[in-house]
Amino acid sequence: MFVLSKKSALAATSTSLFVLLWSSGAIFSKWGLAHASPFAFLLMRFVIALCGLLLLTPLLKLKLPKGGRPMLFAIATGVVLLGAYQIFYLLALNTRVTPGVMATIMGVQPILTVVLIERQRSASRMFGLALGLAGLIMVVYQGIGLAGMSWAGMLFGLLALASMTVGSIMQKRITDNPLGTLPVQYLAGLLLCGIFVPFQPFHFEQSTGFIVPVLWMGLVVSVLATLLLYRLIARGNLVNVTSLFYLVPAVTAVMDYLIFGNRLAALSVLGMLLIIVGLAFVFRKTA
């Protein structure tokens with residue numbers, strides 16, 4: 001009984017830490033992008049993450065994929081999940097898609113994942129996902145603005161959704177040492193990002209406003225939070241894991257209030273409550 005309780009406590013701690021760290025990404029990205037172009041920030045983030053992972057490889061006992069097929073699959077997963085997702089996300093924001101719209105688009109991921117991988121879809125589970133999506137829309141309502149949004153921006157947003165969904169499913173299929181694939185995948189993401197750099201603005205300031213955010217995103221979010229995400233994907237139900245992303249905008253909104261003093265709207269608070277209720281339906285075990 002004690003062992004089960006201890007495992008449950010560790011699982012809850014790692015899940016809460018992941019949501020907290022992942023939610024901080026929006027705050028630090030906003031800070032860093034005020035002092036650098038998007039692709040300069042992203043490229044440096046990839047470089048720092050790759051260096052950090054290589055240094056941690058002996059400590060964490062990460063083992064690179066062995067064999068041609070596992071290595072190629074790990075590279076392909078990195079291109080889709082780490083490279084394409086973040087690039088399309090940036091391109092969408094760069095074409096006047098608001099963060100609120102992007103959060104709503106990405107909120108479709110758990111539902112899309114259910115459709116793609118689960119043959120038996122309980123009404124309770126689908127209701128919880130729909131409730132969570134409704135709560136997400138309420139949280140980001142003020143950031144949803146469709147005026148002036150281009151078709152290209154919407155296309156990039158949908159490609160980001162597809163990349164994250166397909167990449168997560170691909171990562172779930174890596175059962176042999178999934179954490180060890182991360183250095184290879186960040187190298188693949190770095191190379192993909194490098195292809196876009198010559199065609200995009202590239203500049204950054206040598207200031208605290210750039211250095212601190214890019215280090216945080218490169219080491220804390222790209223390494224620690226992503227390791228936690230991969231651990232959750234490997235050990236948990238993929239729909240349950242992806243549904244945790246409903247919490248990210250809500251936690252970010254709370255951080256925004258605590259750090260920058262931006263007040264929470266009543267609609268956002270109600271949306272947070274709906275997300276929590278929705279996740280309770282998603283995670284509820286059915287007989």
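Read in full-length UniProt numbering, the sequence shown has 84 at position 84, and its numbers run on one by one without any break.
For every residue, glycine included, the Cβ atom is placed at its ideal position computed from N, Cα and C.
- Its chain contains Leu62, Leu182, Pro183, Tyr186, Val223 as the residues whose beta carbon lies nearer than 8 Å to that of Leu53, once the 5 sequence neighbours on both sides are disregarded; these appear in chain order.
- Between Val277 and the set Leu129, Tyr85, Ile48, the nearest pair of CA atoms involves Leu129.
- In this structure, the alpha-carbon of Leu59 lies about 41 Å from that of Leu264.
- Scanning Val251, Gly153, Leu155, Trp31 for the CA closest to the CA of Thr208 turns up Trp31.
- Within the same chain, Leu133, Leu161 come within 8 Å of Val108 by CB-CB distance, once the 5 residues on both sides are set aside.
- Relative to the Cα of Leu190, the nearest Cα in the group Leu42, Leu20, Ser29, Thr13 belongs to Leu42.
- With distances taken between CA atoms, Leu192 lies nearest to Phe46 out of Val248, Phe46, Phe73.
- Collapsing the DSSP output to three states places Phe88 in a helix.
- Counting of Cβ neighbours within 10 angstroms places Trp22 among the buried residues, the total reaching 16 or more.
- Per DSSP, Ala225 lies in no alpha helix (DSSP H) segment and is marked neither H nor E.
- For Ala265, the secondary structure class from DSSP, reduced to helix, strand or coil, is coil.
- In the structure shown, Ala134 falls within a helical segment according to DSSP collapsed to helix, strand and coil.
- For Ile174, there is no enclosing alpha helix (DSSP H), as DSSP marks it with neither H nor E.
- Distances from the alpha-carbon of Leu247 to those of Leu279, Leu219, Met217, Val221 put Leu279 closest.
- The beta carbon of Met102 sits closer than 8 Å to the beta carbons of Tyr89, Ala92, Leu93, Gly157, Ala160 from its chain, once the five residues preceding and following it are set aside; these are given in chain order.
- Residue state for Ala36 is assigned as strand, using DSSP reduced to three classes.
- Pairing Ile144 with Gly67, the inter-Cα distance amounts to about 46 Å.
- Between the segment 231 to 249 and the segment 104 to 124, the count of C-beta pairs closer than 8 Å reaches three or more; the two stretches touch.
- In the three-state scheme derived from DSSP, where H, G and I count as helix and E and B as strand, Phe260 is classed as helix.
- Here Phe202 carries a coil assignment [DSSP, helix/strand/coil].
- Around Ala234, the same chain offers Pro178 as residues with beta carbons nearer than 7 Å, after the five sequence neighbours per side are excluded.
- Taking the Cβ atoms as the reference, Leu215 lies roughly 19 Å from Phe18, outside the contact range of under 8 Å.
- Here the C-alpha atom of Ala76 lies approximately 24 Å from the C-alpha atom of Ser243.
- Scanning its chain for C-beta atoms nearer than 7 Å, with the 5 sequence neighbours on each side dropped, one finds around Leu131 the residues Leu274, Val277, Gly278, Phe281, in chain order.
- Rounded to whole angstroms, the gap between the alpha carbons of Thr113 and Val166 is 8 Å.
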